[in-house]
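Peer 1: Chains as they are written, first to last, in this note's numbering: chain A, 56 to 386; chain B, 6 to 105. Just so it is clear, CB atoms sit at the ideal spot from N, CA and C, and this is done for glycine as well. What you are looking at is a predicted structure, and each value in this text was computed from that prediction instead of being measured.
1) Using a Cβ cut-off of 7 Å, pull out every chain A residue sitting near residue 31/B, in sequence order please.
2) Would you be able to state if there are at least three C-beta pairs under 8 Å between the stretch 104 to 118 of chain A and the stretch 245 to 259 of chain A?
3) What is the rounded straight-line gap between the Cα of residue 331/A and the Cα of residue 68/B?
4) If you count every other CB in all the chains shown that lies within 10 Å of the CB of residue 353/A, and 16 or more means buried, which is it?
5) What do you get for residue 184/A, buried or exposed, if any count of 16 or more other CB atoms within 10 angstroms of its CB means buried?
6) Span of the beta strand (DSSP E) holding residue 62/B?
7) Using the beta-carbon count (16 or more within 10 Å), is residue 194/A buried or exposed?
8) Could you list which residues in chain B have their beta carbon closer than 9 Å to that of residue 229/A, in chain order?
9) Taking 6 Å as the limit between beta carbons, can you name the residues of its chain near residue 216/A, skipping five residues before and five after?
10) Output yes if chain A places a C-beta closer than 8 Å to the C-beta of residue 87/B; else output no.
11) Could you pull out every residue in the same chain whose Cβ sits closer than 7 Å to the Cβ of residue 203/A, ignoring the five residues on either side in sequence?
12) Below 9 Å on C-beta distance, what does residue 348/A contact in chain B?
13) Could you tell me the distance, in whole angstroms, from the CA atom of residue 81/A to the CA atom of residue 43/B?
14) Drop a sphere of 10 angstroms on the beta-carbon of residue 346/A, count the other beta-carbons inside from all chains shown, and report buried for 16 or more, exposed for fewer.
15) At a CB-CB cut-off below 9 Å, which residues of chain B make contact with residue 352/A?
16) Could you check which residue in 233/A, 261/A, 321/A, 282/A has the C-alpha nearest to that of residue 20/B?
17) Measure how close the beta-carbons of residue 310/A and residue 377/A come, nearest whole angstrom, since I'm counting them as under 8 Å.
18) Distance, Cα to Cα, residue 315/A vs residue 237/A?
19) Would DSSP call residue 223/A helix, strand or coil?
20) Taking just the CA atoms, how far does residue 340/A sit from residue 63/B?
21) Check residue 14/B in the structure and name its three-state DSSP category.
22) With three or more beta-carbon pairs closer than 8 Å as the criterion, would you say the stretch 320 to 339 of chain A touches the stretch 357 to 372 of chain A?
23) Please list the segments of the beta strand (DSSP E) lying wholly inside the stretch 316 to 355 of chain A, counting only runs of 3 or more residues, in order along the chain.
24) Closer than 8 Å, CB to CB, is residue 58/A near chain B or not?
25) Compare the beta carbon distance of residue 192/A and residue 97/A with 8 Å and say whether it is the shorter of the two.
26) Ignore the nearest five residues each way along the sequence and tell me which others in residue 394/A's own chain have a CB closer than 6 Å to its CB.
27) Can you tell me which of 93/B, 89/B, 99/B, 14/B puts its alpha carbon nearest to the alpha carbon of residue 23/B?
28) Can you list, in chain order, the residues of its chain whose CB lies under 8 Å from that of residue 187/A, leaving out five sequence neighbours each side?
29) Measuring alpha carbon to alpha carbon, tell me which residue in 100/A, 255/A, 155/A is nearest residue 209/A.
30) Give the DSSP bridge partners of residue 97/B, in chain order.
31) Would residue 157/A and residue 129/A qualify as a contact pair, given that the criterion is a beta-carbon distance under 8 Å?
32) Considering only C-alpha positions, which residue in the set 326/A, 102/A, 163/A, 291/A is nearest to residue 123/A?
33) Once DSSP output is grouped into helix, strand and coil, what is the label at residue 40/B?
34) Comparing C-alpha positions only, which one of 61/A, 90/A, 57/A, 58/A sits nearest to residue 275/A?
35) Starting from the Cα of residue 85/A, find the closest Cα among 300/A, 282/A, 342/A and give me that residue.
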């Protein structure tokens, strides 16, 4: 059953677009979208997710939302710790690199979120409308926790006296501001507010753009993502097999924790699959910007390669059907 | 001659530093700047975020002492860990009061 879900997922247009673009890039072909279109599609997807979430929130009962919300906060606290522990011990990485990568795994990937929504649509599973709100919560908390780990360790190494101009110290507040004020959170929250205030009926005139065209836009976007990820795959050899193995293992563990949290907080099978996918996903938009500022000595070759070169393709091709199976198993 | 010498400081940096660098040059005495996006390659390695877009190129025309202060600040705070290059060149400007 799992293998047929993986095949079904692989044969969906967005995932096929990703795979084809990755192959073309590995064969040194050129399939990239114009720069402006890539930025436009990113904004469109985030706003569309926000609108959908806002509509869902407007229709939701507070009693249905609070448990998944608490589950998300708990996941945001736990998933970066899982990643950090794995990267430090079996991974053998230093504090700064382990915390930098953990920030990516604690945060979430909005594109992976859109792929799981498209996957669940194709399977006919219903999902709770407010899930995009959980995405915003998870996106921020995971980064805060991982940067706090780095901050605590580095302060201890310095004997508790920060000189104000070192890793984990100088950019800490600025990095958080970068995440919260960054375009991805702002578009997501903007969409949520618009959806919440306007409600489903008033949004009907814009639905053809933000709902009807969504799968097509996602397919176009994943064409670009396939190119970007394949370019990172070339860095995978440099990153080493241990990091590659962890970039697959951490999502599986965090995905299971997400499925457990979703199931315990009363989400549907679809909702649980989404929460598991969010917990398993690694950020490649908000986290790299925050980490670059807060932990400038961390190696981008490691954190970008792990999140974008390994975890993102793994999740959208194989991971999502696995998290779906987990959700069904726990239901 | 109606023109006066000033220093044109040009900074090319990874896009994630945009806001931070603009705050810095203003606090060091720059009265204005031009900013554009640019792309290229160097010894600094890979870009960290495709979402943040390509590198930024910040240009500001300032007095000699401000140019020195900006370059010294970049040496101290950015050159070690970030992909940043910067240079100053002498230019001749009209309306020198506009540039500090």
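Peer 2: The structure says:
1) The residue you call residue 31/B lines up with position 26 of the second chain. Those do not exist, as residue 31/B stays about 16 Å from chain A at its closest Cβ, beyond 7 Å.
2) yes
3) Taking the first chain and counting its residues from 1, the one referred to as residue 331/A is at position 276. Taking the second chain and counting its residues from 1, the one referred to as residue 68/B is at position 63. Distance between the alpha carbons of residue 331/A and residue 68/B: 56 Å.
4) Position 298 of the first chain, counting from 1, holds the residue named residue 353/A. Buried, since its Cβ has 16 or more Cβ neighbours within 10 Å.
5) To locate residue 184/A, count along the first chain from 1; it is residue 129. Buried, because 16 or more other Cβ atoms sit within 10 Å of the Cβ of residue 184/A.
6) Stepping through the second chain from its first residue, residue 62/B is reached at position 57. Residues 60 to 67.
7) Reading the first chain from its first residue, position 139 is the one you call residue 194/A. Per the 10 Å Cβ criterion, buried.
8) By one-based count along the first chain, residue 229/A stands at place 174. 24, 25, listed in chain order.
9) Along the first chain, read from residue 1 onward, the residue named residue 216/A stands at position 161. In this prediction, residue 216/A has a pLDDT of 47, which is less than 50 and means its spatial position is unreliable; nothing more can be read from the coordinates.
10) In the second chain, counting from the first residue as 1, residue 87/B sits at position 82. Under the Cβ criterion of 8 Å, residue 87/B is counted among the residues facing chain A.
11) For the purposes of this step, residue 203/A is identified with residue 148 of the first chain, where counting begins at 1. Correct list: empty, nothing qualifies.
12) Numbered from 1 along the first chain, position 293 holds the residue referred to as residue 348/A. Under the 9 Å cutoff, chain B gives 21, 22, 25.
13) Taking the first residue of the first chain as position 1, residue 81/A is located at position 26. Taking the first residue of the second chain as position 1, residue 43/B is located at position 38. Roughly 26 Å between the two C-alpha positions.
14) Numbered from 1 along the first chain, position 291 holds the residue referred to as residue 346/A. When all chains shown are included, residue 346/A counts as buried.
15) Counting from one through the first chain, the residue named residue 352/A turns up at place 297. Simply 85, 86.
16) For the purposes of this step, residue 20/B is taken as the residue at position 15 of the second chain. Among 233/A, 261/A, 321/A, 282/A, the Cα nearest to that of residue 20/B is on 233/A.
17) Along the first chain, one-based indexing puts residue 310/A at 255. Along the first chain, one-based indexing puts residue 377/A at 322. That pair is a contact at about 7 Å.
18) Mapped onto the first chain, residue 315/A falls at position 260. Mapped onto the first chain, residue 237/A falls at position 182. Between the alpha carbons of residue 315/A and residue 237/A lies a gap of roughly 30 Å.
19) In the first chain, counting from the first residue as 1, residue 223/A sits at position 168. Here residue 223/A scores only 43 on pLDDT, less than 50, and its place in the model should not be relied on; the value that follows carries that caveat. In this structure, residue 223/A counts as coil in the three-state DSSP scheme.
20) Counted from its first residue, the second chain places residue 63/B at position 58. Counted from its first residue, the first chain places residue 340/A at position 285. Cα to Cα, residue 63/B sits roughly 23 Å from residue 340/A.
21) Along the second chain, one-based indexing puts residue 14/B at 9. Residue 14/B: strand per DSSP, three-state reduction.
22) yes
23) none
24) Stepping through the first chain from its first residue, residue 58/A is reached at position 3. Not one chain B Cβ lies under 8 Å of residue 58/A.
25) By 1-based counting over the first chain, the position of residue 192/A is 137. By 1-based counting over the first chain, the position of residue 97/A is 42. Not in contact: residue 192/A and residue 97/A (Cβ atoms no closer than 8 Å).
26) Residue 394/A lies beyond the residue range present for chain A, which begins at 56 and ends at 386; the question has no answer from this structure.
27) Mapped onto the second chain, residue 23/B falls at position 18. Comparing Cα-Cα distances from residue 23/B to each of 93/B, 89/B, 99/B, 14/B, the minimum goes to 89/B.
28) Position 132 of the first chain, counted from the first residue, corresponds to residue 187/A. So the qualifying residues of the chain are 104, 105, 107, 108, 109, 111, 168, 243, 246, 247.
29) Residue 209/A sits at position 154 when you count from the first residue of the first chain. Checked all of 100/A, 255/A, 155/A; the closest Cα to residue 209/A is 155/A.
30) Residue 97/B sits at position 92 when you count from the first residue of the second chain. Note: residue 97/B sits in a beta bridge opposite 10/B.
31) The residue you call residue 157/A lines up with position 102 of the first chain. The residue you call residue 129/A lines up with position 74 of the first chain. No, the Cβ-Cβ distance between residue 157/A and residue 129/A is not below 8 Å.
32) Your numbering for residue 123/A matches position 68 in the first chain. Per the Cα distances, 326/A.
33) Reading the second chain from its first residue, position 35 is the one you call residue 40/B. Of the three classes helix, strand and coil, the one that applies to residue 40/B here is strand, per DSSP.
34) Stepping through the first chain from its first residue, residue 275/A is reached at position 220. Closest option to residue 275/A, Cα to Cα, is 90/A.
35) Position 30 of the first chain, counted from the first residue, corresponds to residue 85/A. Here the closest residue by C-alpha is 282/A.
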